[in-house]
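Chains as they are written, first to last, in this note's numbering: chain A, 1 to 298; chain B, 1 to 556. The beta-carbon is built from N, C-alpha and C at its ideal position, and this holds for glycine as well. From a predicted model like this one, the values you see are computed outputs, not experimental measurements. Structure first, commentary second.
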Ligand SMILES: Nc1ncnc2c1ncn2[C@@H]1O[C@H](COP(=O)(O)OP(=O)(O)OP(=O)(O)O)[C@@H](O)[C@H]1O
Ligand SMILES: [Mg+2]
């Protein structure tokens with residue numbers, strides 16, 4: 001395909017004085033899984049509703065497979081399937097009736113695959129929607145979207161409410177979709193899921209894109225944690241370039257270092273450390289740092 | 001969670017702090033409707049009292065004609081009973097309007113009660129309330145108190161404005177009398193509240209809670225009607241709350257003792273409702289709904305089919321209501337004609353039924369038959385307002401998202417929905433008119449089938465106008481949709497009733513939707529007006545649909 005799956009250019013959405021989304025530019029390549037992360041209220045759902053043409057942008061544009069998401073909805077929507085963060089369905093229909101209806105709405109369905117998904121998600125489709133738990137309602141929306149085999153899946157926190165086993169089932173299905181060449185735009189709060197599935201990650205904060213890249217790239221951007229213990233009081237390291245968050249606890253020292261590490265190492269080595277550990281940040285730490293900068297800035 | 005849900009839940013969470021918070025929350029959500037009802041009741045009541053004086057200024061005239069009314073038992077269906085002091089203007093007002101206002105109050109109260117109790121439980125808000133320091137029973141009690149507060153404001157607005165209006169001029173009421181009258185009407189609200197509270201515990205969904213409550217209210221009202229109409233069954237009045245309310249008899253030998261059974265009835269219902277709600281699990285109901293069903297895909301392949309599937313029960317209910325009304329009116333036509341025909345000034349008397357009955361020179365049974373059309377249009381207008389509110393609910397609940405994220409366009413969805421309500425309106429009008437025609441024929445009253453059944457369709461004109469205005473409001477300011485629709489309907493009826501009593505300037509009566517109705521067979525349909533307002537309505541629909549297609553969808 002010549003076009004990116006999604007091309008977002010200078011997209012903004014203002015509600016009164018609030019910029020729910022501020023000048024976002026972002027491409028999603030065909031066939032990739034993009035993780036879309038950000039704290040609550042950072043604008044993820046707003047982005048998705050703009051992509052689907054449910055709300056109008058204040059400025060900027062979204063195109064999907066080369067077609068404008070606002071003015072060419074009729075074409076765009078034949079190529080995508082959407083799972084909302086909270087499945088709002090018709091209480092009086094049964095599960096299987098809802099799946100049937102949604103397949104008509106998507107315009108296509110792989111019935112064999114849908115059967116497989118129903119089994120995999122251990123979903124009982126004959127009950128009325130009114131009686132389903134939150135997770136079971138979410139399963140309907142997920143199964144319908146996955147069974148449509150749409151080129152682009154737009155998923156807004158699709159696994160909220162699913163138990164760990166079902167989350168696993170979702171991951172399998174997402175990998176299958178990717179292997180078939182489908183593109184997935186995945187908004188999520190579950191870092192394990194993002195780490196396991198996503199080719200690239202975009203991080204949003206207060207409506208602005210703050211990071212975009214692979215997980216590896218992001219790790220390099222951020223700091224290493226160094227822990228060392230000594231026989232006596234640890235040496236002074238605060239003055240060294242790139243060192244931050246120094247914590248001294250008796251004879252042990254924890255600090256973080258951005259950039260070249262040699263100067264710090266030589267200072268530590270001169271003080272004859274008993275132990276010396278360096279580690280990359282965990283995903284959680286990485287995102288806490290990314291999400292947290294905003295609160296610090298405030 | 002979408003932002004506004006987050007907002008609602010956080011405002012609900014803030015409520016936990018204070019003890020009366022749930023009551024206050026409930027009160028705020030319904031008080032506007034309560035004030036509107038109060039004003040509506042004032043307008044209708046005053047227009048009746050003032051109207052009879054305008055039509056028959058002197059007492060002997062009134063006595064003669066009204067004697068006929070009182071002796072016609074069949075009218076006791078919707079009007080008061082024979083014991084009413086109809087000759088006095090206040091007595092006439094009570095006779096003509098009290099039972100209907102009481103019925104409206106009961107239905108309105110039942111609607112808000114099931115919404116605040118079962119409705120909130122169904123959409124999950126109740127859980128948020130209960131995460132506060134309240135038990136289920138307490139939350140129910142507090143919601144009931146909130147609704148009670150709405151009644152109090154409604155009562156005050158009604159009683160005081162009526163007293164104020166009638167403190168001068170030809171039609172006079174005392175302050176105490178007005179307040180007592182308002183209290184009698186609001187007793188209907190208390191009955192509706194009590195019934196709604198109980199059925200909210202029995203039924204699993206708000207829809208079925210409303211259905212059960214409506215059925216009970218109709219049965220109680222029907223028992224009252226039977227007691228009024230059939231000789232020797234008057235004692236049946238002791239068995240129904242609507243009978244007790246009749247016996248309160250405002251303005252003329254008032255018997256406030258009958259508040260006792262009303263309070264007892266409400267007390268027993270409410271205490272049981274509170275006990276039931278504290279005993280059962282959240283989301284459970286005494287009458288279980290089927291949890292699973294054999295799938296039926298037939299209607300799910302198209303929008304029209306889906307809408308029909310989702311709304312058929314509701315629409316069928318409206319149809320039944322329409323047919324029931326038509327049957328009641330048409331089947332007593334001959335009796336009414338006999339009674340009224342024997343008294344003079346029949347034209348003016350007919351006019352007091354509605355401004356719309358048309359040509360006063362037409363035969364009296366024809367004129368009275370036409371009144372059925374008045375009920376049909378009333379029903380259709382309310383159905384339409386209701387239907388459009390449900391349309392907005394489909395959007396704000398997020399269910400619409402599932403449809404339009406697929407290949408379906410917003411415009412198509414909207415048009416399919418509108419087509420369904422129009423189709424339903426045509427069907428209801430058609431069937432009720434066929435029923436009326438058949439019943440008239442059975443009584444030996446000859447009416448042209450074509451005039452009645454085809455001409456009767458002219459009431460769809462104002463309906464189109466209402467739809468047009470509704471869809472425009474839905475496109476432009478969806479938040480105020482329900483309020484605008486019901487306010488417009490209330491306004492139309494008020495204007496109609498006032499103008500049946502007093503001469504209003506033409507510009508004024510033009511603002512009533514009912515002004516554009518020709519009630520067949522008494523009046524000939526005015527197809528020019530019909531075409532004109534239908535086109536205006538259509539234009540409104542088109543503009544509204546375009547605006548809707550371009551605006552942001554809203555989620556609550
Ligand atoms: N219709 C609206 N009116 C006013 N403000 C809105 C509206 N919709 C969204 N917002 C605001 O826009 C911001 C972004 O909301 P959005 O729902 O996109 O966040 P999100 O990243 O999806 O959050 P979450 O992780 O909680 O789902 C929030 O501050 C929200 O309050
Ligand atoms: Mg969101």
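Counting contacts by CB-CB distance shorter than 9 Å, is residue i in contact with chain B?
| i | result |
| --- | --- |
| residue 286 (chain A) | no |
| residue 92 (chain A) | yes |
| residue 110 (chain A) | no |
| residue 19 (chain A) | no |
| residue 54 (chain A) | yes |
| residue 141 (chain A) | yes |
| residue 97 (chain A) | yes |
| residue 82 (chain A) | yes |
| residue 184 (chain A) | no |
| residue 127 (chain A) | yes |
| residue 4 (chain A) | no |
| residue 49 (chain A) | yes |
Residue i CB to nearest chain A CB: under 9 Å?
| i | result |
| --- | --- |
| residue 545 (chain B) | no |
| residue 136 (chain B) | no |
| residue 290 (chain B) | yes |
| residue 301 (chain B) | yes |
| residue 376 (chain B) | no |
| residue 199 (chain B) | no |
| residue 344 (chain B) | Here residue 344 (chain B) scores only 48 on pLDDT, less than 50, and its place in the model is too uncertain to base an answer on. |
| residue 297 (chain B) | yes |
| residue 237 (chain B) | no |
| residue 287 (chain B) | no |
| residue 203 (chain B) | no |
| residue 401 (chain B) | yes |
| residue 195 (chain B) | no |
| residue 476 (chain B) | no |
| residue 127 (chain B) | no |
Quick one: does the C-beta of residue i sit closer than 8 Å to a heavy atom of ligand 2?
| i | result |
| --- | --- |
| residue 159 (chain A) | no |
| residue 206 (chain A) | no |
| residue 156 (chain A) | yes |
Mind checking residue i: buried by the 16 CB within 10 Å criterion, or exposed?
| i | result |
| --- | --- |
| residue 150 (chain A) | buried |
| residue 253 (chain B) | exposed |
| residue 134 (chain A) | exposed |
| residue 320 (chain B) | exposed |
| residue 287 (chain A) | buried |
| residue 291 (chain B) | exposed |
| residue 139 (chain A) | buried |
| residue 407 (chain B) | buried |
| residue 276 (chain B) | buried |
| residue 469 (chain B) | buried |
| residue 279 (chain A) | exposed |
| residue 352 (chain B) | Unreliable positioning characterises residue 352 (chain B) in this predicted model, as indicated by a pLDDT of 49, which lies under 50. A coordinate reading is not provided. |
| residue 449 (chain B) | exposed |
If you measure from the CB of residue i, is any heavy atom of ligand 1 nearer than 8 Å?
| i | result |
| --- | --- |
| residue 43 (chain A) | yes |
| residue 100 (chain A) | no |
| residue 549 (chain B) | no |
For residue i versus residue j, is the C-beta spacing smaller than 9 Å?
| i | j | result |
| --- | --- | --- |
| residue 115 (chain B) | residue 249 (chain B) | no |
| residue 384 (chain B) | residue 463 (chain B) | yes |
| residue 456 (chain B) | residue 433 (chain B) | yes |
| residue 265 (chain B) | residue 102 (chain B) | no |
Quick check: does the Cβ of residue i come within less than 8 Å of any heavy atom belonging to ligand 3?
| i | result |
| --- | --- |
| residue 38 (chain A) | For ligand 3, the structure offers nothing, since it holds only ligand 1 and ligand 2. |
### Query
Just checking, does the segment 430–444 of chain B make contact with the segment 506–518 of chain B on the three C-beta pairs under 8 Å criterion?
Flag = no, the segment 430–444 of chain B and the segment 506–518 of chain B do not touch.
### Task
Count the CB pairs spanning the segment 161–180 of chain B and the segment 120–139 of chain B that are closer than 8 Å, and state whether there are at least three.
Fewer than three pairs of CB atoms, one per stretch, sit closer than 8 Å, so the segment 161–180 of chain B makes no contact with the segment 120–139 of chain B.
### Cβ contact (3+ pairs, closer than 8 Å) linking the segment 91–107 of chain A and the segment 169–179 of chain A
Contact fails: fewer than three Cβ-Cβ distances are below 8 Å.
### the segment 405–420 of chain B / the segment 292–308 of chain B touching (three or more Cβ pairs under 8 Å)
The segment 405–420 of chain B makes contact with the segment 292–308 of chain B: 3 or more CB pairs, one atom from each, lie closer than 8 Å.
### Any 3 or more C-beta pairs closer than 8 Å across the segment 232–241 of chain B and the segment 152–159 of chain B
The answer is no - the segment 152–159 of chain B does not touch the segment 232–241 of chain B, with fewer than three Cβ pairs under 8 Å.
### Stretch-stretch touch, CB-based, cutoff 8 Å, three pairs: the segment 175–186 of chain B with the segment 219–228 of chain B
No contact exists between the segment 175–186 of chain B and the segment 219–228 of chain B.
### Message
Contact between the segment 34–42 of chain A and the segment 180–199 of chain A is defined here as three or more beta-carbon pairs at a separation below 8 Å; is this criterion met?
### Response
When Cβ pairs closer than 8 Å are counted between the two stretches, the segment 34–42 of chain A is seen to touch the segment 180–199 of chain A, the count reaching three or more.
### Message
Using a Cβ distance threshold of 8 Å, determine whether the segment 206–215 of chain A contacts the segment 57–66 of chain A, with at least three qualifying pairs required.
### Response
Flag = no, the segment 206–215 of chain A and the segment 57–66 of chain A do not touch.
### Message
Tell me which residues of the segment 404–430 of chain B have at least one Cβ-Cβ distance to chain E shorter than 8 Å, keeping chain order.
### Response
Protein chains in the displayed structure are A and B, and chain E is not among them.
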